[in-house]
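The structure under discussion appears below in the form of structure tokens.
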């Protein structure tokens, strides 16, 4: 039975990285849209799938999984030989470096990106005022971290070595949305960071996803 | 060559997470104390190992890994054989079990950790810097953490531990932050629900954790 993806068409957040891995790995899926404005993510039916009431989650022939970064790892472990190779290597040291980079994304990158996103988008959308001081502080911290990325990316092409992996891919979860809001966090960073961001954010599968939204594919397509 | 663990010596924080894994897995190690008060983690030499200037990191016969959750996975994957205590992580070929593990790991990193960190910063770290705890803000952060733990109670009614039915790294990831709450009279880890209480007592009564609390982190050789 074709994998079911409970998400929405809009390419953002956890949905974005799961949809990208599905595309990179050429895994067919059915999209079941969960409408957030009408709280479809909080229905008893959805809470059975996802106890935190979020999207995305998947149902792979009865195996239900949530947390986008876990879903991405699962899809790579299940389909190692098809589509883009090497996203989540199985070698002991190679995998350790991917996990190191993935942890850096969660510790040193996304908290600041999400703070900016919250102030500039989420708060105004609920009638609350942006606190510019919070934005400025978050960006200052983020830029300090990206200075370290500059050092790392001066030694290797990508975060976990010379191949594109989940450690890089996870950075597409929220950062592209800042550009949508007119916040440019990249063009004044170092040359290595800029090279890396341009590389990962112009991958054909990502550009297609951003242009078309999450589009289900089945084996008959 | 014996593995080196660089970090802080207390039963608290990310170094303690790695130390507990080393004890659970009977992995011999040399502990190298990094004195944060003197800025030993920010030196050029230290940043050769950990470019972000943090602790912990390990050096395993020349192979360096930083980020406690990445180090933990590397150690558990490397020492997966029976002579090294409980497995603590499903093997990658057990794709669904490993996915449930990663789901739990993501829950800790994305839902639990940011919430508990806010409580710890407000209650403990502010006074250390001469600031006063904002009791109203603290109450809000505790309420947020309680909401997360309510979902934990639901999850733990269906599986015995946070990474599945076996004790694993996912549970260990919580010891860097969870145990400190009780010291401040914050009892959410046992008062939120019966399943969370049962689980938390299981985690903190592990002999490895009891030993770390009694003795701190020391070289095993």
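Protein chains in written order, with this note's numbering: chain A, 9 to 229; chain B, 52 to 272.
A virtual CB, placed ideally from N, CA and C, is assigned to each residue, including glycine.
Note that the structure is a prediction, hence the values are computed from the model and not measured.
For residue i, does the three-state DSSP call read helix, strand or coil?
i              : result
residue 172(A) : coil
residue 181(A) : coil
residue 120(A) : helix
residue 116(B) : strand
residue 89(B)  : helix
residue 215(B) : strand
residue 130(B) : coil
residue 209(B) : coil
residue 136(A) : coil
residue 170(B) : helix
For residue i, I'd like the list of residues in its chain whose CB is within less than 7 Å of its CB, leaving aside the five on either flank, ordered along the chain.
i              : result
residue 185(A) : 20 and 125
residue 219(B) : 139, 140, 152 and 212
residue 91(A)  : 32, 33 and 34
Who are residue i's beta bridge partners in DSSP?
i              : result
residue 65(A)  : 14(A) and 74(A)
residue 55(B)  : 81(B) and 110(B)
residue 25(A)  : DSSP output for residue 25(A) lists no bridge partner at all.
residue 176(B) : Answer by DSSP bridge pairing: none, since residue 176(B) is not bridged.
residue 225(A) : 37(A)
residue 125(B) : Paired residues: none, contrary to the question.
residue 166(A) : 169(A)
How big is the Cα-Cα spacing for residue i and residue j?
i              : j              : result
residue 132(A) : residue 92(B)  : 39 Å
residue 141(A) : residue 166(A) : 32 Å
residue 118(B) : residue 113(A) : 11 Å
residue 52(B)  : residue 75(A)  : 38 Å
residue 201(B) : residue 208(B) : 11 Å
residue 77(A)  : residue 17(A)  : 18 Å
residue 87(B)  : residue 58(B)  : 9 Å
residue 157(B) : residue 249(B) : 21 Å
residue 15(A)  : residue 61(A)  : 12 Å
residue 261(B) : residue 129(B) : 25 Å
residue 208(A) : residue 135(B) : 39 Å
Output needed for residue i: all residues of its chain with C-beta closer than 6 Å, excluding positions within five of it in sequence on either side, in chain order.
i              : result
residue 74(B)  : 259
residue 125(B) : 116
residue 197(A) : 154
residue 244(B) : 204
residue 111(B) : 54
residue 29(A)  : 80 and 83
residue 48(A)  : 42
residue 100(B) : 108 and 115
Please tell me whether residue i has its Cβ less than 8 Å away from any Cβ of chain B.
i              : result
residue 168(A) : no
residue 112(A) : yes
residue 120(A) : no
residue 183(A) : no
residue 126(A) : no
residue 104(A) : yes
residue 123(A) : no
residue 74(A)  : yes
residue 228(A) : Any reading at residue 228(A) must be qualified, since the residue scores a pLDDT of 47, below 50, and its modelled position is unreliable; no value is offered.
Is there a Cβ of chain A sitting closer than 8 Å to that of residue i, yes or no?
i              : result
residue 102(B) : yes
residue 230(B) : no
residue 118(B) : yes
residue 273(B) : In this structure chain B extends from 52 to 272, so residue 273(B) is not present and cannot be described.
residue 157(B) : yes
residue 185(B) : no
residue 129(B) : yes
residue 133(B) : no
residue 170(B) : no
residue 121(B) : yes
residue 233(B) : no
Suppose the cutoff is 8 Å on Cβ atoms and the five residues either side in sequence are ignored; what does the same chain contact list for residue i look like?
i              : result
residue 120(A) : 146, 147, 149, 150 and 153
residue 162(B) : 199 and 202
residue 61(B)  : 67, 267 and 268
residue 231(B) : 63, 171 and 175
residue 146(B) : none
Quick check: does the Cβ of residue i come within less than 7 Å of any heavy atom belonging to the ligand ZN?
i              : result
residue 205(A) : Among the ligands in the structure shown, none appear at all, so the ligand ZN cannot be discussed.
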